[in-house]
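Step one of this worksheet: look at the structure below.
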Amino acid sequence: MIYFDNAATTYPKPASVAKALAYAVTSVGGNPGRSGHEMSVRAAREVYKVRRAAAELFGSKEENTVFTLNCTHSLNLAIKGILKEGDHVIISSLEHNSVARPVCALMKKGVECSVFDVYEDDGQTLEGLKRLIKNNTKAVVCTVASNVTGRVLPINEIAALCRDKGIVLVCDGAQAVGVMPLKVGNGINFLCMPGHKGLYGPTGTGLLVSDGEYELSTIIEGGTGTTSTETEQTPVMPEKLESGTLNTVGIVALGKGIEFVKKAGLDRIHKSEEKLCSRLINKLSQMNGVTVYRDKGSYLPIVAFNVKNMHSSEVADYLSSRGFALRGGYQCAAVAHKYLGTLENGVVRFSPSVFNNESQVDMLCESIKNL
Amino acid sequence: MNKRSISIFSLSSITYAIKAQSVLKKEGISSEVIKTPKDMGKGCGYSIRLASDFHRAEEILTQAGIEIKAKKQITKG
Chain A
453 MIYFDNAATT
463 YPKPASVAKA
473 LAYAVTSVGG
483 NPGRSGHEMS
493 VRAAREVYKV
503 RRAAAELFGS
513 KEENTVFTLN
523 CTHSLNLAIK
533 GILKEGDHVI
543 ISSLEHNSVA
553 RPVCALMKKG
563 VECSVFDVYE
573 DDGQTLEGLK
583 RLIKNNTKAV
593 VCTVASNVTG
603 RVLPINEIAA
613 LCRDKGIVLV
623 CDGAQAVGVM
633 PLKVGNGINF
643 LCMPGHKGLY
653 GPTGTGLLVS
663 DGEYELSTII
673 EGGTGTTSTE
683 TEQTPVMPEK
693 LESGTLNTVG
703 IVALGKGIEF
713 VKKAGLDRIH
723 KSEEKLCSRL
733 INKLSQMNGV
743 TVYRDKGSYL
753 PIVAFNVKNM
763 HSSEVADYLS
773 SRGFALRGGY
783 QCAAVAHKYL
793 GTLENGVVRF
803 SPSVFNNESQ
813 VDMLCESIKN
823 L
Chain B
146 MNKRSISIFS
156 LSSITYAIKA
166 QSVLKKEGIS
176 SEVIKTPKDM
186 GKGCGYSIRL
196 ASDFHRAEEI
206 LTQAGIEIKA
216 KKQITKG
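Protein sequences appear in the order of chains A and B. Each position in the first sequence, counted from 1, maps to that position plus 452 in my numbering. Each position in the second sequence, counted from 1, maps to that position plus 145 in my numbering.
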């Protein structure tokens, strides 16, 4: 099967990641931060190495780099850790359910929410966002780039606005990390991400990185290996947000994924994937009845399309039967599909990785032509 | 008879203990991560133990923004 569903999770993983998984299972056996014996300390050292590598990549400090299970977990920690009853939050019209659903849950507990539209013109998007800011606006939570279409939001301008207004900015970097340069600071207070997408780590890994300006309250409490005689949660980061045993095996392998991305270079990764997207868009635009969801704005290497009036899941099923893995349906993004006007048929999503090539795109196009 | 000195710094967490070890290593000071001795803190916790360099190590850790929860120097011999 030719895999074009890397926005869901990247596949294949680099050989170094697979090797690190085996190494961690067989050789990093202790529980990090729980005991004083050599195996436990060694595991903690391995975890710290990855924490430091991630902190470097995203402009944070080790103590503000929290390991999570996935991007949804990171977003829940950030959103529910910052918003309280009476606060107002603003999200974008392109959000994934990992933002929309936690916010929806908080609305039942007295948090107000507004949605800003993402226009073709970034200036118009910013103006719309500005108009929604109120006295009780505590946070803006938005994706860096849509997981449906790849549309990139004017995140630096949004960050500057939030910084000026003293508003917390929580960014969903699910599709953007590993493809475009992103760092916390300069208005970006929290950056949430999966480890298993653009960072090429295994599933079950994620990161919540912050600039340290705002403190999060906890939504999960438990064992942290420190102050164990007290029932109150430790206030010390990152352990405060990392209750329970860490996914040491996944984290060690994630470290190799981060190393792979650093070595390949974000610019090179982006260019190689965008080249495949351009090739696909060019070929799709020559086919009758194919709609590609792109405007003049900036995009990450993701292409959303539909064929004739078919439901996107039917198209994806057909392509699967021809040996291609693409995601149809709604990509867990109800808000985005409502805004895009694609609630009826969803979209087919093409998302390449560095391991794909042009001839694979050409083969895919031949199959789409037969529909 | 030679006197041997051991320094112990109790830190906030395992992350800070490993960070402290890493910061000191860059400055040429070797240390080991240990569980915090009973007389230096309540409950579970982590410390670093090093031979000598007490004041220099303290200065390096403070400059690196690593909070020292407790410290002690033991002289033997």
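Virtual Cβ for every residue (Gly too), placed ideally from N, Cα, C.
Does the region 800–815 of chain A come within contact of the region 168–176 of chain B, defined as at least 3 CB pairs closer than 8 Å?
no
Inter-residue Cα distance where the pair is Gly210/B and Leu698/A
Here residue 210/B refers to the residue found at position 65 when the second sequence is read from its first residue. Here residue 698/A refers to the residue found at position 246 when the first sequence is read from its first residue. Rounded to the nearest angstrom, the two C-alpha atoms are 25 Å apart.
Near Asn822/A, what residues of its chain come up, given a Cβ to Cβ distance below 6 Å and the 5 sequence neighbours on each side ignored?
Against the first sequence, residue 822/A aligns to sequence position 370. Cβ within range, chain order: n/a, list empty.
Cβ pair Gln738/A, Ile454/A closer than 8 Å:
To locate residue 738/A, count along the first sequence from 1; it is residue 286. To locate residue 454/A, count along the first sequence from 1; it is residue 2. Cβ atoms of Gln738/A and Ile454/A: not closer than 8 Å.
Under 7 Å from the C-beta of Lys180/B: neighbouring residues of chain A:
Residue 180/B sits at position 35 when you count from the first residue of the second sequence. What Lys180/B touches in chain A: Gly488.
Taking the straight line between their C-alpha atoms, what separation do you get for Glu564/A and Gly696/A?
For the purposes of this step, residue 564/A is taken as the residue at position 112 of the first sequence. For the purposes of this step, residue 696/A is taken as the residue at position 244 of the first sequence. In a straight line, the C-alpha of Glu564/A is about 32 Å away from that of Gly696/A.
Ser479/A: buried (16+ other C-beta within 10 angstroms of its C-beta) or exposed?
Taking the first residue of the first sequence as 1, we reach residue 479/A at position 27. Counting Cβ neighbours within 10 Å, Ser479/A comes out exposed, since fewer than 16 surround it.
Where Gly677/A and Leu621/A are concerned, what is the direct C-alpha to C-alpha distance, given to the nearest angstrom?
Here the question's residue 677/A lines up with position 225 in the first sequence. Here the question's residue 621/A lines up with position 169 in the first sequence. For Gly677/A and Leu621/A, the distance between alpha carbons rounds to 30 Å.
Answer with buried or exposed for Asp663/A, where buried requires no fewer than 16 other C-beta atoms within 10 angstroms of its C-beta.
If you number the first sequence from 1, residue 663/A lands on position 211. So Asp663/A counts as buried.
Using 10 angstroms around the beta-carbon of Leu795/A, count the other beta-carbons present and answer buried if the total reaches 16, otherwise exposed.
Taking the first residue of the first sequence as position 1, residue 795/A is located at position 343. Answer is exposed; the Cβ neighbour count stays below 16.
So the beta strand (DSSP E) Ala591/A belongs to, where does it begin and stop?
For the purposes of this step, residue 591/A is taken as the residue at position 139 of the first sequence. Looking at the DSSP string, the run of the beta strand (DSSP E) that includes Ala591/A is 589–595.
Taking the beta strand (DSSP E) that Val767/A falls in, what are its first and last residues?
Looking up residue 767/A in the first sequence gives position 315. Looking at the DSSP string, Val767/A is not in any beta strand (DSSP E); the run it does join, the alpha helix (DSSP H), is 764–773.
Can you list the residues of chain A that Ile205/B reaches, using a CB-CB cut of under 7 Å?
Taking the second sequence and counting its residues from 1, one reaches residue 205/B at position 60. Those within 7 Å of Ile205/B in chain A number zero; the least Cβ separation is about 16 Å.
Phe568/A lies in the beta strand (DSSP E); which residues open and close that run?
On the first sequence, residue 568/A is found 116 positions in, with the first residue counted as 1. 564–568 is the extent of the beta strand (DSSP E) around Phe568/A.
If you check the beta carbons only, do His540/A and Lys590/A fall under 8 Å apart?
Counting from 1 along the first sequence, the entry for residue 540/A is found at position 88. Counting from 1 along the first sequence, the entry for residue 590/A is found at position 138. The answer is yes: Cβ separation under 8 Å.
Secondary structure of Ser468/A, DSSP reduced to three states
Mapped onto the first sequence, residue 468/A falls at position 16. In the structure shown, Ser468/A sits in a helix (DSSP, three-state: H, G or I).
Three-pair Cβ contact test at 8 Å for the region 188–199 of chain B versus the region 703–714 of chain A
no
Answer yes if the region 512–519 of chain A comes into contact with the region 486–495 of chain A, meaning at least three C-beta pairs across the two stretches below 8 Å, and no otherwise.
no
With burial defined as no fewer than 16 other Cβ atoms inside 10 Å of the residue's Cβ, what is the status of Arg801/A: buried or exposed?
Here residue 801/A refers to the residue found at position 349 of the first sequence. With 16 or more other Cβ atoms within 10 Å, it is buried.
Considering Cα atoms alone, identify which of Gly637/A, Leu816/A, His789/A is closest to Ile610/A.
Position 158 of the first sequence holds residue 610/A. Among Gly637/A, Leu816/A, His789/A, the Cα nearest to that of Ile610/A belongs to Gly637/A.
Report back the beta-carbon spacing between Lys214/B and Ser155/B to the nearest angstrom; my notes put them in contact at under 8 Å.
Numbered from its first residue, the second sequence carries residue 214/B at position 69. Numbered from its first residue, the second sequence carries residue 155/B at position 10. Indeed, because the Cβ distance is near 4 Å, the residues count as touching under 8 Å.
Can you tell me which of Pro687/A, Gly533/A, Val593/A puts its alpha carbon nearest to the alpha carbon of Ser157/B?
In the second sequence, counting from the first residue as 1, residue 157/B sits at position 12. Residue Pro687/A is the option with its Cα nearest to Ser157/B.
Which residue marks the beginning of the beta strand (DSSP E) containing Arg194/B, and which one marks its end?
In the second sequence, the residue the question calls residue 194/B occupies position 49. It spans 191–196 - the beta strand (DSSP E) in which Arg194/B sits, taken as one unbroken run.
Simplified DSSP assignment, three categories, for Thr700/A
Translated into positions along the first sequence, residue 700/A becomes position 248. Reduced to three states, the DSSP call for Thr700/A is helix.
Pairwise C-alpha distance: Leu535/A and Asn587/A
The sequence position of residue 587/A within the first sequence is 135, counting from 1. The sequence position of residue 535/A within the first sequence is 83, counting from 1. Spanning the two alpha carbons is a distance of roughly 14 Å.
Of all Cβ atoms in chain A, is any one closer than 8 Å to the Cβ of Thr220/B?
Sequence index remark: in the second sequence, residue 220/B carries index 75 (1-based). Output row for Thr220/B: interface = no.
Could you spell out the range, first to last residue, of the beta strand (DSSP E) harbouring Ser662/A?
Here residue 662/A corresponds to residue number 210 of the first sequence, with the count starting at 1. Where Ser662/A is concerned, the enclosing beta strand (DSSP E) stretches over 658–662.
What are the start and end residues of each continuous alpha helix (DSSP H) run of 4 or more residues lying completely inside the region 706–782 of chain A, in chain order?
718–736, 764–773
To the nearest angstrom, how far is it from the Cα of Cys817/A to the Cα of Arg731/A?
By 1-based counting over the first sequence, the position of residue 817/A is 365. By 1-based counting over the first sequence, the position of residue 731/A is 279. Cα to Cα, Cys817/A sits roughly 10 Å from Arg731/A.
Would you kindly work out how many angstroms separate the C-alpha atoms of Gly707/A and Leu651/A, rounded to a whole number?
Counting from one through the first sequence, the residue named residue 707/A turns up at place 255. Counting from one through the first sequence, the residue named residue 651/A turns up at place 199. Approximately 9 Å between the Cα atoms of the pair.
Specify, as a first and last residue, the run of the alpha helix (DSSP H) that Gln218/B falls within.
The sequence position of residue 218/B within the second sequence is 73, counting from 1. No alpha helix (DSSP H) contains Gln218/B, which is instead part of the beta strand (DSSP E) from 213–221.
Give the range of the beta strand (DSSP E) segment to which Cys415/A is assigned.
Nothing about residue 415/A can be reported from this structure: the residues present for chain A run from 453 to 823 only.
Closer than 8 Å to chain A by CB, Ser157/B
Translated into the one-based positions of the second sequence, residue 157/B becomes position 12. Yes, Ser157/B lies at the interface with chain A (some Cβ there is under 8 Å from its Cβ).
Taking all protein chains shown into account, do 16 or more other C-beta atoms lie within 10 angstroms of the C-beta of Gln627/A, making it buried, or fewer, making it exposed?
In the first sequence, counting from the first residue as 1, residue 627/A sits at position 175. Buried is the call here.
Which residues of the region 626–649 of chain A have a Cβ closer than 8 Å to any Cβ of chain B? Give them in chain order.
none
Do the CB positions of Gly741/A and Val759/A come within less than 8 Å of each other?
Translated into the one-based positions of the first sequence, residue 741/A becomes position 289. Translated into the one-based positions of the first sequence, residue 759/A becomes position 307. Yes. Within cutoff.
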